[in-house]
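Sequence lines, in order, name chains V and G. Residue 128 in the working numbering sits at position 128 of the first sequence; the count goes up by one each step and never skips. Residue 219 in the working numbering sits at position 24 of the second sequence; the count goes up by one each step and never skips. We put the beta carbon where it would ideally sit given N, CA and C, even for glycine. Okay, structure first, notes after.
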Amino acid sequence: MEKIVIIDYGAGNTRSVQFALERLGVEAVLTNNHTQIEAADKVIFPGVGQAQTAMLNLQSTGLDQLIPTLKQPVLGVCLGMQLLCDFSEEANTDCLGIFPLQVKRFPKIMRVPHIGWNQIITLESPIFNEIPDKEYMYYVHSYFVELSEYTIATTNYGLSFSAAIQKDNFYGCQFHPEKSGSMGERILANFLKIN
Amino acid sequence: MLAKRIIPCLDIKDGRTVKGIQFENLRDAGDPVELGRLYSEKGADELVFLDISATHEKRKTLVALVERIAQKINIPFTVGGGISSVDDVRALLKAGADKVSINSAAVKNPQLIQDIATQFGSQCVVLAVDATCIDNEWIVHLVGGRVPTELNLFEWAKQAESLGAGEILFTSMDGDGTKKGFANEALAQLSKTVNIPIIASGGAGNIQHFKDVFTKGNADAALAASVFHFGEIDIRNLKKELTNSNIIVR
Numbered sequence: 001m002e003k004i005v006i007i008d009y010g011a012g013n014t015r016s017v018q019f020a021l022e023r024l025g026v027e028a029v030l031t032n033n034h035t036q037i038e039a040a041d042k043v044i045f046p047g048v049g050q051a052q053t054a055m056l057n058l059q060s061t062g063l064d065q066l067i068p069t070l071k072q073p074v075l076g077v078c079l080g081m082q083l084l085c086d087f088s089e090e091a092n093t094d095c096l097g098i099f100p101l102q103v104k105r106f107p108k109i110m111r112v113p114h115i116g117w118n119q120i121i122t123l124e125s126p127i128f129n130e131i132p133d134k135e136y137m138y139y140v141h142s143y144f145v146e147l148s149e150y151t152i153a154t155t156n157y158g159l160s161f162s163a164a165i166q167k168d169n170f171y172g173c174q175f176h177p178e179k180s181g182s183m184g185e186r187i188l189a190n191f192l193k194i195n
Numbered sequence: 196m197l198a199k200r201i202i203p204c205l206d207i208k209d210g211r212t213v214k215g216i217q218f219e220n221l222r223d224a225g226d227p228v229e230l231g232r233l234y235s236e237k238g239a240d241e242l243v244f245l246d247i248s249a250t251h252e253k254r255k256t257l258v259a260l261v262e263r264i265a266q267k268i269n270i271p272f273t274v275g276g277g278i279s280s281v282d283d284v285r286a287l288l289k290a291g292a293d294k295v296s297i298n299s300a301a302v303k304n305p306q307l308i309q310d311i312a313t314q315f316g317s318q319c320v321v322l323a324v325d326a327t328c329i330d331n332e333w334i335v336h337l338v339g340g341r342v343p344t345e346l347n348l349f350e351w352a353k354q355a356e357s358l359g360a361g362e363i364l365f366t367s368m369d370g371d372g373t374k375k376g377f378a379n380e381a382l383a384q385l386s387k388t389v390n391i392p393i394i395a396s397g398g399a400g401n402i403q404h405f406k407d408v409f410t411k412g413n414a415d416a417a418l419a420a421s422v423f424h425f426g427e428i429d430i431r432n433l434k435k436e437l438t439n440s441n442i443i444v445r
């Protein structure tokens with residue numbers, strides 16, 4: 001059986017991800033242990049909260065050094081995805097730098113945070129197998145990752161931003177698959193099938 | 196496009212849903228998990244669980260319930276009722292709640308909003324406000340709308356936003372339970388006053404009321420209890436009607 005690890009660094013919503021995997025019949029270990037994370041077949045890097053606080057937590061356990069070196073499929077969710085980027089405007093935080101991308105704040109013309117169900121379009125990844133274009137996913141965030149060559153799904157909220165990104169073995173989604181009903185669970189299941 | 200949200204609210208007392216909720220094909224309508232799952236299947240976008248247990252002792256059972264809800268339900272949910280400290284919030288979020296709603300405790304100590312937002316992020320802080328219109332002024336009330344304060348709804352909402360609230364859940368006490376429609380004028384003004392999402396509550400009676408709250412009231416989400424619990428409005432049907440009126444729903 002595959003070993004699935006959820007990186008535990010004191011961020012919120014880790015339990016929600018664990019419960020979602022349980023509903024898929026998958027047992028995932030919540031840990032910050034480097035050896036255990038390195039040995040996992042799949043790694044999920046969740047997070048809600050504030051970028052700077054999260055980076056400080058990662059640094060205090062050396063996870064900021066470990067995560068960029070991982071070779072197995074890694075899925076960053078929400079803040080987890082943002083932390084995989086270079087830099088976040090949230091408290092001007094230097095992040096992990098796996099994606100050469102900037103995390104920006106939504107302009108004031110829109111209600112911020114962007115909360116609720118919004119559509120994902122232009123889906124270009126096996127993690128979206130059997131997910132229809134324009135499917136609704138649940139979002140809650142104030143900062144976004146700009147569009148780039150790494151974008152594998154797009155959402156529009158005043159402007160178009162990356163709903164999901166991918167580079168090599170690193171995946172990120174801005175929405176919460178663990179809270180996006182059965183379609184969200186399917187995305188998690190698809191991620192677990194990646195070789 | 197971001198969809199307008201429909202949110203059923205479930206009152207919880209001593210770990211059970213209250214009122215004679217009537218549903219067919221439901222083994223135990225008193226079980227918040229069963230009922231929440233049914234609403235989720237019917238197309239609810241989020242759920243709110245409001246704990247109205249009388250004593251602090253009985254509220255402790257809430258954390259165990261929240262964990263059970265988080266295990267079984269795959270849409271977001273908010274937990275409210277008697278939350279008064281950062282520790283309360285931590286326990287609920289750790290158990291799997293996505294957001295908490297705070298009401299009286301924030302009026303008594305506005306700093307609480309900032310403390311929660313700093314610790315856990317604005318996205319999990321829903322400020323619940325109960326207000327009544329008295330002499331043309333919307334006044335914030337406490338204790339389920341029974342005790343008036345000195346606070347003006349719009350000023351309080353503005354302050355809460357600046358302290359870090361992520362959403363405002365505004366209940367019109369005038370409308371609550373009347374089924375005469377939402378307080379659309381106040382909602383429209385509120386949506387101009389703050390830049391965070393607004394959940395409208397109090398007064399839902401029919402489908403037209405939901406259309407109005409999104410068009411005239413400019414609300415981002417609409418919350419209701421009895422019209423859903425007693426089967427007067429079916430959420431799927433409601434969403435079909437909203438779509439027909441060019442209101443974007445999931």
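Determine the DSSP secondary structure at residue i, reduced to helix, strand or coil.
| i | result |
| --- | --- |
| V:Glu-130 | coil |
| V:Gly-47 | coil |
| V:Asn-118 | strand |
| V:Tyr-196 | The requested residue 196 of chain V is not part of the displayed model; chain V covers only 1 to 195. |
| V:Val-77 | strand |
| G:Glu-350 | helix |
| G:Lys-406 | helix |
| G:Gly-215 | Summary for G:Gly-215: the model assigns pLDDT 47, below 50, so the residue's position carries little reliability; its value from the coordinates is reported in the next sentence. The answer is coil: DSSP assigns G:Gly-215 none of H, G, I, E or B. |
| G:Cys-319 | helix |
| V:Asn-57 | helix |
| G:Lys-303 | helix |
| G:Ala-198 | coil |
| G:Pro-392 | coil |
| G:Phe-423 | helix |
| V:Phe-106 | coil |
Does residue i come within less than 7 Å of chain G when only Cβ atoms are used?
| i | result |
| --- | --- |
| V:Phe-19 | yes |
| V:Asn-169 | no |
| V:Lys-179 | yes |
| V:Gly-116 | yes |
| V:Pro-73 | no |
| V:Arg-105 | no |
| V:Pro-126 | no |
| V:Ile-187 | no |
| V:Tyr-143 | no |
Do residue j and residue i count as a contact pair if the criterion is CB distance below 7 Å?
| i | j | result |
| --- | --- | --- |
| G:Ser-360 | G:Ile-308 | The question names Ser, but residue 360 of chain G in the sequence shown is Ala. Yes. Within cutoff. |
| V:Glu-135 | V:Met-183 | yes |
| G:Glu-362 | G:Val-302 | no |
| G:Gly-398 | G:Phe-377 | yes |
| G:Thr-212 | G:Val-243 | no |
| V:Ile-4 | V:Val-26 | yes |
| V:Met-137 | V:Phe-175 | yes |
| V:Leu-84 | V:Gly-76 | yes |
| G:Val-408 | G:Ala-417 | yes |
| G:Gly-400 | G:Lys-435 | no |
| G:Gln-318 | V:Pro-113 | yes |
| V:Asn-57 | V:Gly-116 | no |
| G:Val-342 | G:Val-335 | no |
| V:Asp-133 | V:Ile-152 | no |
Nearest chain V C-beta to residue i closer than 7 Å, yes or no?
| i | result |
| --- | --- |
| G:Pro-203 | no |
| G:Asn-269 | yes |
| G:Asp-282 | no |
| G:Asp-190 | Nothing about residue 190 of chain G can be read from this structure; chain G reaches only from 196 to 445. |
| G:Pro-392 | yes |
| G:Asp-322 | The residue asked about is misnamed: residue 322 of chain G is Leu in this sequence, not Asp. G:Leu-322 does not count as touching chain V. |
| G:Arg-188 | Any answer about residue 188 of chain G is impossible in this case: the structure gives chain G only from 196 up to 445. |
| G:Gly-361 | yes |
| G:Arg-445 | yes |
| G:Leu-197 | yes |
| G:Ala-265 | yes |
| G:Gln-318 | yes |
| G:Gly-291 | yes |
| G:Asp-240 | yes |
When the Cα atoms are used, what is the spatial distance from residue i to residue j?
| i | j | result |
| --- | --- | --- |
| V:Ser-88 | G:Asp-282 | 29 Å |
| V:Met-81 | G:Gly-275 | 29 Å |
| G:Val-258 | V:Arg-15 | 13 Å |
| V:Thr-155 | V:Ser-148 | 13 Å |
| V:Ile-194 | V:Pro-73 | 7 Å |
| V:Leu-188 | G:Ile-202 | 25 Å |
| V:Pro-46 | V:Cys-78 | 7 Å |
| G:His-424 | V:Gln-59 | 48 Å |
| V:Gln-50 | V:Tyr-143 | 10 Å |
Pull up the CB-CB distance for residue i and residue j, whole angstroms please, since I reckon it's below 8 Å.
| i | j | result |
| --- | --- | --- |
| G:Ser-248 | G:Asp-209 | 6 Å |
| G:Ala-312 | G:Ala-292 | Wrong, their Cβ atoms sit about 15 Å apart, outside the cutoff. |
| G:Arg-263 | G:Val-228 | 5 Å |
| G:Leu-382 | G:Gly-412 | 3 Å |
| V:Gly-158 | V:Ile-165 | Going by Cβ atoms, the distance from V:Gly-158 to V:Ile-165 rounds to 19 Å, so no, they are not a contact pair. |
The ligand SAH and residue i: does the residue's C-beta get closer than 6 Å to at least one heavy atom of that ligand?
| i | result |
| --- | --- |
| V:Leu-83 | As far as ligands go, the structure on display features none, and thus does not contain the ligand SAH. |
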